[in-house]
Amino acid sequence: MDRTGLRRRATGVTVALLAIVSIWGILQPESAAGELFWTATETGTIESSLRLAVPIALTAIGGLYAEKSGIINIGLEGLLIISAFVSVLVTDLLGPGQSTGIPPVVTFDLGGSTYTIDPGLQLLIPNIWVGLAGGVVASMLLAFLFGVICIRYQADQIIAGLAVWLIALGLAPFAAKVVYGQPSTAQVGTFDNWTIPVLSEIPVAGEILFDASPMVIIMLVSVPVAWYGLNRTSFGYWVRASGENPKALDTVGVNVDRVRYAAVLISGFFSGIGGTALSLGAVGSFSGAGQTMVDGRGFIAIAAYLFGNYNPFGAFAASYLFSGLQALQIRLQGIAPTEVFLMLPYLVVVIVLVLVGRTRLPEAAGEHYESGED
Amino acid sequence: MSNTAVRLAGITKRFPGVVANDQVDLTVEKGSVHALLGENGAGKTTLMNVLYGLLQPEEGDVYVDGERRDFRSPRDAIDAGIGMIHQHFMLVDPMEIWANIVLGQEPRKYFGLTVDEQQAIQEVRDLSERYGFDVDPTETVEDVSVGVQQRVEILKALYRGADVLILDEPTAVLTPQEVEDLYGVLDELTAQGKTVIFITHKLGEAMHSADDITVLRDGESIATVPADETNQDELAEMMVGREVLLEVDVPEHEPGETTLAVDDVTVTDSDDIDRVKDVSFEVRGGEVFGIAGVDGNGQSELVEAITGLESPTSGRIVIEGEDVTGHSRRQRIEDGMAYIPEDRHERGLVMDFDLVENGLLGSQHSEPYSKSGRIEWDTVRGHAEDIIETYDVRPPNADADAHSLSGGNQQKFIVGREFERDPSVVVATHPTRGVDIGSTEFIHEELLDLRQRDRAVLLISSKLDEVRQLSDRLGVMYEGELVDIVDPEETSEEEIGLLMAGERPDGIETVRKTGGKP
Amino acid sequence: MSRARDVLERLVGASGAERAVISVAALALSIVVGGLIVFVSGLGAACEAGANYHIAIPLPGSFEILLFDGRLSMFGFQSCYDPINVYEKLFIGAIGGLPWESGWQPTNFSMEVFLQRATLLLFTGLSVAVAFRAGLFNIGTQGQMVWGALTSAVAVLFVADFVPAGVAGTVILLPLALFAGAVAGGIWGAIPGALKAYADANEVITTIMLNFVAYYATTLLVREFFQDPQSTGGTQTRMVPVNSLLPSIPLGFQESRFSILALVLALVLAAVVYYVLWGTSFGFDVRTSGLQPEAATYAGVDAERTIVRSMTISGALGGIAGALWVLLANGRFLTGQEVPSLGFDGITVSVLAGNNPIGVVFGSVLFGVLKSGGNTLNFQTDVPPELVNVLSGLIILFVAMPEFFRLIGKYLGVGDEPAPAAATTDGGEEDG
Amino acid sequence: MSPNSGRRRFLKGTGAAGTIALAGCISSTDNDGDGTDTPTEGSDSTETESGDGTETQTEDGSDAGADVNVGMVYATGGLGDKSFNDMAQQGALQAEEQLGISFEEAQPEQNSDFIPAQRQFAESGDYDLISCIGFAQTDALTENADRYSDQHFQIVDSVVDTDNVASYVFKEEEGSFQVGHLAGLLTSQSFEAGQGSTDSDSTNVGFVGGVNAPLIQKFQAGFEAGVSYANEDVDVQSSYVGSFNDAATAREAALSMYDSGADIIYHASGASGLGVFQAAQERGKFAIGVDADQSRSEPDFADSIVASMVKRVDTAVFTAIENEVNGEFNGGSVTTLGLESDGVACVYGDALGDAIPQDVKDQIDASRQAIIDGEITVPTEP
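Spelled out as structure tokens, the structure:
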């Protein structure tokens, strides 16, 4: 049985299970399966699943870019933590509600006379969006550090990734305590829903997709864009070649290191939005006690892209499956204890890995590449 | 305008502890095929990597079309019209052929945001047709044969506008027929004005295909001679630095009883494909049974089944009358089977272990090296030192890590370790691959010595001359089948070549169609 | 004796020495970077006046050589934190002060915390190291520990009713607790091992995932089956009987938070692990598999079985750590989330130690110090104790990049040419 | 606390020795007075601080309690949870303000850090009272109370039966009953206040718990009993988030409840509760806070928080400190703080309280009295 066969079988089993539950549910609405099915297809559940999927799906998309390029980024969890914290911090420092103007009004005070350069026309950006940018930049910086360590200094990617996670896990609450005197931050508010005119009038789908949190819309846009980037652009070809056979890429004159840096930065970028979506997007504050508010979502993201076979659509589907489970569990706690639902995504990944094996990893993932080595 | 395509002047490239190229000069004429001949480690690949911008020399200059060039990266070399086809293909297996060929220079559309797949496929198709290559651009690389992959590599270089093509050991992985095809390709290329530099360590190939031959030895260029003004003996001497006896002297020896029997063995891989199909043969004590074939025709799988690394799907393996099919690899070792693996870096040695520990490899559970699970390091060390002395491993230091040894010495150490077990059956796969001529001779002698001592030797090699000369009987494998067993003395190289390519030449006397019983 | 010589050679061998140098350098660099983080955070923190930096070389008595005394500022801000003070608290506070100070007792509480933590880390560090040597990255020590802890607590609680009280019970319960922990941890380790061996499932991923499964599954089990009926608060098992706890030796320690028995057991296990790896055929199989699985198979090693066995041993060591956590630190099992992250710290310890069992001893001492010192830091300074987590992260980060230190070494002109370079040319030339 | 030179010179060979040396803090005489069982009335519910917990303080007081020094050991999760720990800090701050005591704080990260934290205080001998917040400290304190038998301890939310520990527990179910009663009444009528409104057709309220543990089940049980006391037909949807720290999931749980008709959601989920408030604000519905008056501690959500089940952890802490200052440490006793003693209470929202109809308030007052009088028995398990 070859690996594509196994993968098809795994996907087939999943789809078949879903189909059985659905049909059983439709036929017997009173049964447990019925409850599952009808709850899962409610508009509210779908919206909820989408919102819960945002941090996981975005991080998974970023992570799969890095891994496709040959850099296994186990530190995604750390990127989420840092961006979740920094985005709130930046928003809080800028103050609530006001706007950051670009370009800014500049005032010089020169020997008594004051000169003001007023661009006249300013682009006003709500602070919360500047906060998002801050979170993304922080995440990308940490990802860049990870990249330098893995690419330039040839560190073991798994160990370096764990280090990134541990550093962020310490640094975010550390900084929160320095600034706020406690491991969590102040409350800064969340993004308002985006309602896209006309489209949001479409029954059901319009409500779900076009009258939603900007984070959900960003995710829904990111999935096809990421897929396109990976499969239809030159850069995507280079990323894939860099993960499969970096030498092939090097010998045609594309700088492998640069491609890998870019891919790692992309993982930082998407994780940055993901982390921000978690803090600014959902609750408007960061909480850093224990495992922080990120609480393993970075690892679930890894699970999601593995389950999704490095395909952004697959990763999104897997994220949706996991978040859908969670959305279901908060609605249907009678069916099984919370913990059963909480551990399901992790069990699913183990089972999928067993069915499909590790042969799917890009050929050169985890290995460092040095140009000129023969 | 000069007629020189490429000129390298005084190239010196050092690696820590090694001078890979020492003041090497090379001049290549336009439109010619130029062979770069030398032993392994002579510095051929290093020199070409310098020309291709993968390595920067400490000294010396590179001239292309009479212009001095300073290549910082392959991109510079590509821009100067140089293309390189590496020995290990630089292809991305899961990607389509067209994508591999245009990689890094993809035609784009929509403001450069998108790879123009249709245009790329068309360009590749046109290029392929122009040079008469039979390549379908939409196939995936991992699905096509090695010969096609090589043509993809050549197309890749041509797509980048290469005028000078460097081919690194291009024939190593090809069948004799594919080699002939390659020569045809080279003719076509030179006919259209391209220049070819051809790295090889095979004298015959250099003589056959090249216009000029430059011989490298120990990082120095020895001489450049036109192919039609030299002969194999002269080249061999230049390569090795002394006169070489190319013929192996095989003494007469009467084989004894059947020691190893392979009975109807089939091996199926994880993709449900039969890699070895119903193979049967016997090897007698005091006999060398050779298996020839192009790499990838089931030899590796057959060897793994015989040595216990893989279980055959069906069939039996018998050693000295005992059915060992179900025996694990460890039991196989205890059954008296020695095995020289084809890849010494992966299998034969643990590169980070010193020779003491490497000498223990395979005997770690056997007396006297291990007593009730405890390793007797004194005995083990003595054993390693014995091997080093008997088999002339240099440097003679048991504490040296395996990776600090040269390829030849690594191989001698493996041979020593395996032969010291006093095995009844020896399976030797590509025992002289990547080994210098001196060590090769030594290993050949040791194999023949085992034959004299009535051991059964199974020799698998893709070097046709090696198996032909050493074997008493020679089986040929093609696509998993043992297509024939011939008497190597009675059968010509060409005829064996045809068998290796799956064709049955007329008039070959078959020793045994099946079963291989003598 | 030749083996002893061999051992010595390995300990002082070139690569070992390089390893140690890199570890020390990584440690030093982490401290410097951590200090910078402290200083810079101090600029942003709120305090009445900047920290007074008092840098001096202490002399016997109350004399000192004053090097610097005053406040430091950057961009016009004064830092509220003094990194030197922080490290002083961290490292000296970890053992309860300097030994020659009046009132210092070798059995002070900080010392107890430090020794307990070092002991537990020795087990988890060994757990990670064993797997590493077999070429397996066991990130699942945490989960193996959680199962070990629960099983050990439950086994003791179950059996305690049937055994005599007092020391007689201890003789039965203590080994039982350790055994139960080892078995449970071993099984939880064997699972990813088997998945790796027979289904080729990447153990890095499976062990991470199984950690989470362990967390939730143990919590669920405790709540559904082993809940302490007395508890009106959290989810937890009953307290294990006092006679199942490790006897507090030496007696100076005030509570059963540390027992020299545990430390001795840990040290013995470190020695045993060392001996097994380098002195036995099985250890040879494990190390060969770890370095080159293909070569191991070639040499007759049953790769699958070795993977499963190594992971089982690794898991069992983690499970013992869990059992000891119950017996030393907690007295009962709470939920999986409440088990401290000793398993992850074990990775750091092992990586820092170059996966050498003897090195693990030193690594666990260091992290024991960080833990105990972290308490002091929490209590005696304004600097958040999360600094310790940042430091461990930095240490593991820097240890992971030996190339960085090689480059620095080269730049400073110390050290030989790195060995791999020879291999590179060698390998390259052969093919050409 | 802020770094002071006294502490920095620690270990510098200048004479300061021992693990903890606090300048200006001298241990007072041991007050071994047996306290009475009667809890002190929680003085004034008006808070002196906004409760955002950013202040740090060491000023040595100069009032009556100037020589009393208190060590606070908070529950894991630390300050800034806007409820439990912050309330405890509130009590200490109040004591500082009114009694002039001084206090130091420790915020353990894990359960295993409780023992060291308690001991650090006890070992130094500089603290008259060590306040241990949260049931998770029970084991640690049981051990330490034996060890430091002269040290006064307080534990909140649990009982440690030792002479030197004053235990304070709450009848969370009673307070939860009250807010349940309120929720049940409000959802049965059309109630509009702030941004939110209830729909009189809806007979649906919600409960969001942090982790499914016995303590939190008490909240759930009381709430459900209160709701059905108000109106038998009102359903309570309950959901546990699985963490006290996952506001994102709590928000989804709350949104799903609001979307399926719930008007009011009561949370007992620590920092996860922020998600419930967020959801209430988004949907224009109501939430009920827990532990603290969350309409004050979370002013951003004041327009959605109709009430809070206040658990007077501050009272417990303040009372214990006050006893200590007065030499009346009530070691060995268990102080149960229920409705009667205002230890738990239904406190109307800062912004919305005025909008609650008086008849509703009257009914709540009545049920309070009924519980105090024992006419209503509130269950502790759902």
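Protein chains in written order, with this note's numbering: chain A, 1046 to 1419; chain B, 105 to 622; chain C, 105 to 536; chain D, 7 to 388. All C-beta atoms in this analysis are idealised placements derived from N, C-alpha and C, irrespective of residue type, glycine included. Given the structure is predicted, the values throughout are model-derived calculations rather than measurements.
9 Å Cβ cutoff met for residue i and residue j
i                      : j                      : result
residue 299 (chain D)  : residue 356 (chain D)  : yes
residue 315 (chain C)  : residue 244 (chain C)  : yes
residue 626 (chain B)  : residue 382 (chain B)  : Lying before the first or after the last residue shown, residue 626 (chain B) is absent from chain B, which here runs from 105 to 622.
residue 1063 (chain A) : residue 1317 (chain A) : no
residue 580 (chain B)  : residue 396 (chain B)  : yes
residue 1368 (chain A) : residue 1101 (chain A) : yes
residue 230 (chain D)  : residue 213 (chain D)  : yes
residue 1320 (chain A) : residue 1132 (chain A) : yes
residue 385 (chain B)  : residue 576 (chain B)  : no
residue 524 (chain B)  : residue 443 (chain B)  : no
residue 293 (chain C)  : residue 420 (chain C)  : yes
residue 591 (chain B)  : residue 359 (chain B)  : no
residue 135 (chain D)  : residue 326 (chain D)  : yes
residue 1128 (chain A) : residue 1183 (chain A) : yes
Close-in-space but distant-in-sequence residues of the same chain around residue i (CB under 7 Å, 5 per side omitted)
i                     : result
residue 407 (chain B) : 531, 533 and 564
residue 180 (chain D) : 228, 344, 345, 350, 377 and 384
Status (buried if at least 16 other CB within 10 Å, exposed otherwise) for residue i
i                      : result
residue 458 (chain B)  : buried
residue 218 (chain D)  : buried
residue 370 (chain D)  : buried
residue 234 (chain B)  : exposed
residue 515 (chain C)  : exposed
residue 1240 (chain A) : exposed
residue 123 (chain C)  : buried
residue 416 (chain B)  : buried
residue 481 (chain B)  : buried
residue 204 (chain C)  : exposed
Spatial neighbours of residue i in its chain, beta-carbon cut-off 8 Å, leaving aside the 5 residues before and after
i                     : result
residue 407 (chain C) : 301, 393, 397, 400 and 401
Contacts around residue i, its chain only, beta-carbon distance under 6 Å, and the 5 residues preceding and following it disregarded
i                     : result
residue 527 (chain C) : Since pLDDT at residue 527 (chain C) reaches only 34, below the 50 mark, its modelled position is unreliable, and the value read off the structure follows with that caveat. Cβ neighbours of residue 527 (chain C) beyond the five flanking positions: none.
residue 222 (chain B) : none
residue 605 (chain B) : 279 and 281
Identified DSSP bridge partners for residue i
i                      : result
residue 396 (chain B)  : B:580
residue 420 (chain B)  : B:367
residue 1087 (chain A) : Residue 1087 (chain A) is not bridged to any residue.
residue 1171 (chain A) : A:1144
Proximal residues of chain E, C-beta to C-beta of residue i below 8 Å
i                     : result
residue 399 (chain C) : The structure shown has no chain E; the protein chains it does contain are A, B, C and D.
Taking 8 Å as the threshold, find out whether the segment 74–91 of chain D comes into contact with the segment 136–151 of chain D through three or more Cβ pairs.
yes
The segment 1361–1375 of chain A touching the segment 244–258 of chain D, judged by at least three CB pairs closer than 8 Å
yes
Three Cβ pairs or more, each shorter than 8 Å: is that satisfied between the segment 486–498 of chain B and the segment 456–475 of chain B?
yes
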